[in-house]
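Colleague: Starting off with a structure, shown below.
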Amino acid sequence: NAGVTQTPKFRILKIGQSMTLQCAQDMNHNYMYWYRQDPGMGLKLIYYSVGAGITDKGEVPNGYNVSRSTTEDFPLRLELAAPSQTSVYFCASSGTGWNEQFFGPGTRLTVL
Amino acid sequence: DQQVKQNSPSLSVQEGRISILNCDYTNSMFDYFLWYKKYPAEGPTFLISISSIKDKNEDGRFTVFLNKSAKHLSLHIVPSQPGDSAVYFCAASEMNYGGSQGNLIFGKGTKLSVKP
């Protein structure tokens, strides 16, 4: 099992560009999540999904969009990148609810 | 307005001694608490959890204590090892109206350094 995989590992964007952060899991988990972690801060929930076709906003959804067409994949879309979106993004999944989430290695995004 | 607080940004401990990491919370509706460990350039990994119906949960060298009246939990690592050096995040959640557990609220983390 690869667990939760994320691509890319690093990315630099210019203001106004768009990109998609990819996330995939091979554990057949229903729940998937996107978090961001700013320097010196805890993780904040951006979006989550409780199954294919079902997504909902978390604590900090502005500037992001998600889709969940399959159980395995949960991409995060940034449409108009802003410097405030400079952060490390973590994708996670869990099988039975919110607890004991399995995290990917993260994507470090810089917006200049 | 932080609901989960880890007031010590860092902690340094000698190998073999006890490490105690602390976490305070303000939301009395939180009923499930977790600790995650994070190494640099990796995602957090689940370490141990505790439900509010318990006051202690133990897993090998790791024990979590919960004091509901003080809204405080702590993670004890005994004995500490250099491989335990990492950032430790405390997280909490509350039951939804639908009966399922809600989203996790994370603290800012405590960086533990275990010196050989």
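If you read the protein sequences in the order shown, they are chains A and B. Sequential numbering from 233 applies to the first sequence in my numbering. Sequential numbering from 6 applies to the second sequence in my numbering. From the three backbone atoms N, C-alpha and C, an ideal C-beta is built for every residue, glycine too.
#1: In whole angstroms, what separates the C-alpha of A256/A from that of S316/A?
#2: If you follow the beta strand (DSSP E) that L78/B is in, where does it begin and where does it stop?
#3: Counting only Cβ pairs nearer than 7 Å, list the residues of chain B close to L277/A.
#4: Run the CB neighbour count on P14/B, radius 10 Å, all protein chains shown included, and call it buried at 16 or more, exposed below.
#5: In or out: L80/B buried (at least 16 other Cβ within 10 Å) or exposed?
#6: Does the region 301-321 of chain A come within contact of the region 244-255 of chain A, defined as at least 3 CB pairs closer than 8 Å?
#7: Do you know how far the Cα of S319/A is from the Cα of D270/A?
#8: Give the DSSP-derived three-state secondary structure of Q11/B in the structure shown.
#9: So with Cβ pairs under 8 Å, would you call L39/B a contact of chain A?
#10: Please go through the same chain and pick out, in chain order, the residues whose beta-carbon is closer than 6 Å to the beta-carbon of A96/B, but skip the five residues on each side of it.
#11: With DSSP as the reference, please indicate the residues paired to F111/B in a beta bridge.
#12: Taking all protein chains shown into account, do 16 or more other C-beta atoms lie within 10 angstroms of the C-beta of Q11/B, making it buried, or fewer, making it exposed?
#13: DSSP state of D36/B, grouped into three classes?
#14: Using the beta-carbon of each residue, which ones in chain B are nearer than 8 Å to N331/A?
#15: Let's test the definition: count the other Cβ atoms within 10 Å of the Cβ of L117/B and tell me whether it reaches 16, buried, or not, exposed.
#16: CB-CB under 8 Å to V292/A, same chain, minus the five flanking residues each way: which ones, in chain order?
#17: On the three-pair Cβ rule with 8 Å, is the region 61-80 of chain B touching the region 322-335 of chain A?
#18: Listing by chain order, which chain A residues have their CB less than 7 Å from the CB of E47/B?
#19: What does T115/B touch in chain A if you count any residue whose Cβ is under 7 Å from its own?
#20: Relative to the alpha-carbon of F94/B, which residue among D36/B, M34/B, T50/B, G21/B has its alpha-carbon at the smallest distance?
#21: Distance cutoff 8 Å, beta carbons only. Does G272/A sit that close to anything in chain B?
Modeller: With the structure as the only source:
#1: Stepping through the first sequence from its first residue, residue 256/A is reached at position 24. Stepping through the first sequence from its first residue, residue 316/A is reached at position 84. Distance between the alpha carbons of A256/A and S316/A is about 25 Å.
#2: Walking along the second sequence from the start, residue 78/B turns up at place 73. Annotation: the continuous beta strand (DSSP E) that includes L78/B extends over 77-82.
#3: Translated into the one-based positions of the first sequence, residue 277/A becomes position 45. Under the 7 Å cutoff, chain B gives N108.
#4: As a working note, residue 14/B is residue 9 in the second sequence. By the 16-neighbour rule on beta-carbons within 10 angstroms, P14/B is exposed.
#5: Residue 80/B sits at position 75 when you count from the first residue of the second sequence. It counts as buried.
#6: They touch, by the three-pair rule.
#7: For the purposes of this step, residue 270/A is identified with residue 38 of the first sequence, where counting begins at 1. For the purposes of this step, residue 319/A is identified with residue 87 of the first sequence, where counting begins at 1. Spanning the two alpha carbons is a distance of roughly 5 Å.
#8: Residue mapping note: residue 11/B aligns to position 6 of the second sequence, counting from 1. Correct three-state label for Q11/B: coil.
#9: Sequence index remark: in the second sequence, residue 39/B carries index 34 (1-based). For L39/B, the answer is yes, since a Cβ of chain A falls inside 8 Å of its Cβ.
#10: Position 91 of the second sequence holds residue 96/B. Listed in chain order, the non-local C-beta contacts of A96/B below 6 Å within the same chain comprise L39, L109, F111, local neighbours out to five positions each way being set aside.
#11: By one-based count along the second sequence, residue 111/B stands at place 106. F111/B is bridged to A96/B.
#12: Position 6 of the second sequence, counted from the start, is the residue given in the question as residue 11/B. With 16 or more other Cβ atoms within 10 Å, it is buried.
#13: Walking along the second sequence from the start, residue 36/B turns up at place 31. In this structure, D36/B counts as strand in the three-state DSSP scheme.
#14: Translated into the one-based positions of the first sequence, residue 331/A becomes position 99. What N331/A touches in chain B: Y37, L39, S54, S98, Q106, L109.
#15: Along the second sequence, one-based indexing puts residue 117/B at 112. Buried, by the Cβ-count rule.
#16: On the first sequence, residue 292/A is found 60 positions in, with the first residue counted as 1. The answer, listed in chain order, is R268, K276, L277, I278.
#17: No, they do not touch.
#18: If you number the second sequence from 1, residue 47/B lands on position 42. Residues of chain A with a Cβ closer than 7 Å to the Cβ of E47/B are, in chain order, P337.
#19: Counting from 1 along the second sequence, the entry for residue 115/B is found at position 110. What T115/B touches in chain A: nothing, since even the nearest Cβ is about 11 Å away.
#20: The residue you call residue 94/B lines up with position 89 of the second sequence. Here the closest residue by C-alpha is T50/B.
#21: The count along the first sequence starts at 1 and reaches residue 272/A at position 40. At a cut-off of 8 Å between beta carbons, G272/A contacts chain B.
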